[in-house]
Amino acid sequence: MYLDMDDAPASNFLQTIISEDLAAGRVSEVVTRFPPEPNGYLHVGHAKSISVNFGLAEANGGRCNLRFDDTNPEKESQEFIESIQEDIRWLGYRWDGEPRYASSYFQQLYDWAEHLVRNGDAYVCDLDADQAREYRGTLTEAGRNSPYRERSVEENLDLLARMKAGEFDEGAKVLRAKIDMASPNMNLRDPILYRIRKVRHHQTGNDWVIYPTYDFAHGQEDAIEGITHSICTLEFEDHRPLYDWLLEHLPVSCRPRQYEFGRLNPSYTVTSKRKLKQLVDQGVVAGWDDPRMPTIAGMRRRGYTPAAIRRFCDMIGTTRSDGVVDVAMLEFAIREDLNENAPRGMCVLNPLKVVLTDYPEDKVEELSAPRHPSRVDLGERVLPFTRELFIDADDFREEANKKYKRLVLGKRVRLRNAWVIEADEVVRDDSGQIVEVRAHTVPGTLGENPADGVKPRGVIQWVSASHGRRAEVRLYDRLFNDEAPDKGDKDFLDHLNPESLRVVEQAWIEPALAQARPEDSYQFEREGYFVADRYDHSTDTPVFNRTIGLRDSWSD
RNA sequence: UGGGGUGUCGCCAAGCGGCAAGGCACCGGGUUUUGAUCCCGGCAUUCGCAGGUUCGAAUCCUGCCACCCCAGCCA
């Protein structure tokens, strides 16, 4: 079903580092990790990170852990923990062992916090958030030492224990590393290690009222798990000195190294969790898994395949430069996969009745057609042909120039996988609207060109009016009509594409398509790739989502 | 005016002192019962800019410019 996944082994700066580490014996096995915070759904940007972390481990015979970085219970939930696991599995990756949780290391982390305090490397600070900001200085001015910076080890130990015991209110005290308030790197100006949060944690319940910050947790989690290469995105680069400082000042048994790569920014989309949440909350889309969302769940429902997403990640590469990737590349990846693997079928979105006047009323020809033009292994399907058919209204014109390769009055067209027909006359309703085309078949044209040498102008899809089935078809398009909807001071909501969804309630599909199971992909010939909706589709009420249209180079 | 990064074709991206890979997009042409696919061809005398080193530089040095990130008790 999927494309060949191990084409060219990805070569990038991370692989180069790993190869050198392996060759020099600095590491004996590659261990990476994918460390999402369970505070939202995974999106295409995470897919790249997953591909990088799992891919590197896989390519080097190593392991990759899944670790929930659940250090901030306020924003996290079990729902996200589950959706994240489902998405990673769906993408086709398997983490090593059981999922890990930062929260399962809380005691160890606390012990290490005491260790820092004992060595005079951390202190309890009573400054509130506003004061702390003031003391921190600015980008161009050094900060000032907190008045609580020189507390004794004994006092700090006592205060820390009391913080843990719940004796202080939220925000009343924090534990900070004692580094350098004048550092040009803001992250080294006595960063906060622990804060008081009297909220229930989804994994540890009410065991803790103090929670470690990302900085105090991440490197140590990596050390505990024996991570060799801790790969994250560029914005964490400034945190690396702190990451290293903590590991140097703690009795950890191994030294993971942090490396950063540029995050993925696809054009015509937004990927910030805040903005995606806004789209959901404001009802712009139907939910986190709306087919227009760049979430993994959304792309899945849209009909994107794991193979296409992985292929896309390989195509864009992994570097330290941050740019915008043309979504056309993602679209190429899914077309490439589906062109190769999706069975073909016929669907008429905008029906116009055609009556074949020479064709007997009750005759039904059970034609057979290949499911795929080149994949003979996919077999054939039965195509009932009858006197009354539907074609797409866009595929008929009373008159047209020679560039129009469809049905024209008095001219011929090939009905895909069936007869060549010739249009004779149109039937109109009271308002003058064409409601029917009367035509006749050209004899001997089943699988053959017309004997008289007059070739059809083109090929169009059709569905038997008596044997076809009704279906709802959801035509999705880009959610935004601006290449960079959230760049600069733009409001991304001002650039929504009003035509990102058009629902065709009464499309006609050939009978074989009604047999689709949810999440089966097809190419509706001449239209595009469509997937049977994961939730709403059934044989009784077929519902298809347009994944992506066919490449179209035609212009009038 | 602090620190950390990045700058190679419209986009992504190889390249690491020897004379600019590849993919996407785009433009031609061919095949075709999908205006699809497939096939063939085109597409950077030039690597942010300016100097310098060298027989030779996208690759080394110097200076400059542009853009991104950092002042959450978020990650």
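So that you can map any letter, position 360 of the first sequence is 361 in the working numbering, and since no number is skipped, the others follow by simple counting.
Even for Gly, the Cβ is constructed at its ideal location relative to N, Cα and C.
Quick caveat: nothing in here was measured; it's all calculated off a predicted structure.
Asked	Found
Whole runs of the beta strand (DSSP E) within the segment 40-104, excluding any shorter than 3 residues	64-69
Among Gln109, Asp521, Ala452, Ile392, nearest to Ser465 - alpha-carbon criterion	Ile392
Completely contained alpha helix (DSSP H) runs for the segment 303-382, where each covers 4 or more residues	307-317, 328-342
Status (buried if at least 16 other CB within 10 Å, exposed otherwise) for Met6	In this predicted model, Met6 has a pLDDT of only 33, less than 50, meaning its place in the structure is not dependable enough to derive any value.
Cβ-Cβ distance between Ser268 and Glu484 below 8 Å	yes
Beta-carbon proximity check, Lys276 vs Phe481, cutoff 8 Å	no
Start and end residues, beta strand (DSSP E) containing Gly529	529-533
Per-residue burial, Phe14 [other beta carbons within 10 Å of its own, 16 or more giving buried]	exposed
DSSP beta-bridge partners of Val200	Val200 pairs with nothing; no bridge assigned.
Integer Cβ distance of Leu390 from Val355, believed to fall under 8 Å	5 Å
Pair within 8 Å by beta-carbon distance, Ala513 and Gly263	no
In chain order, each alpha helix (DSSP H) run of at least 4 residues that lies wholly inside the segment 461-545	none
Three or more C-beta pairs below 8 Å linking the segment 328-346 and the segment 305-320	yes
DSSP-derived helix/strand/coil call for Asp245	helix
Stretch-stretch touch, CB-based, cutoff 8 Å, three pairs: the segment 503-520 with the segment 456-475	yes
Best match in Gly172, Arg64, Leu158 for proximity to Val32 [C-alpha to C-alpha]	Arg64
Straight-line Cα distance separating Val383 from Ile310	33 Å
Exposed unless 16 or more other CB atoms sit within 10 angstroms - verdict on Asp8	Confidence in Asp8 is poor, its pLDDT being 40 and thus under 50, which makes the residue's placement unreliable; the coordinate value appears in the next sentence. Asp8 comes out exposed.
The segment 188-208 / the segment 60-77 touching (three or more Cβ pairs under 8 Å)	yes
Cβ contact check for the segment 96-105 and the segment 49-66: 3 or more pairs under 8 Å	yes
Same chain, Cβ closer than 7 Å to Ala370, neighbours up to 5 away in sequence not counted	Glu381, Arg382, Leu384, Asn418
For Ile228, three-class secondary structure by DSSP	coil
Inter-stretch contact (C-beta, 8 Å, three-pair minimum) for the segment 515-522 and the segment 371-378	no
Cα-Cα separation between His538 and Val544, rounded to whole angstroms	5 Å
Cβ pair count under 8 Å reaching 3, the segment 81-93 against the segment 210-223	no
Span separating the alpha-carbon of Leu541 from that of Ala515	Contrary to the premise, residue 541 reads as Asp rather than Leu in this sequence. If you take the alpha carbons of Asp541 and Ala515, they lie about 8 Å apart.
Cβ pair count under 8 Å reaching 3, the segment 40-54 against the segment 17-24	no
Residue burial classification, Gly220 (beta-carbon count within 10 angstroms, cutoff 16)	buried
Rounded C-alpha distance that separates Trp555 from Tyr102	53 Å
From Val253, Ala218, Trp246, Tyr260, residue whose alpha carbon lies closest to that of Glu236	Tyr260
Span of the alpha helix (DSSP H) around Asp393	Per DSSP, Asp393 belongs to no alpha helix (DSSP H); it is in the beta strand (DSSP E), 389-393.
Buried versus exposed call for Met187 [16 or more other C-beta atoms within 10 Å across all chains shown]	exposed
Under the three-state DSSP convention, the category Ile422 falls into	strand
Neighbourhood of Glu168 by C-beta, 6 Å cutoff - its chain only, sequence neighbours within 5 removed	none
Length of the line joining the Cα atoms of Ile228 and Ile82	21 Å
Endpoints, beta strand (DSSP E) assigned at Ile180	Unbroken run through Ile180: none, as it is neither H nor E.
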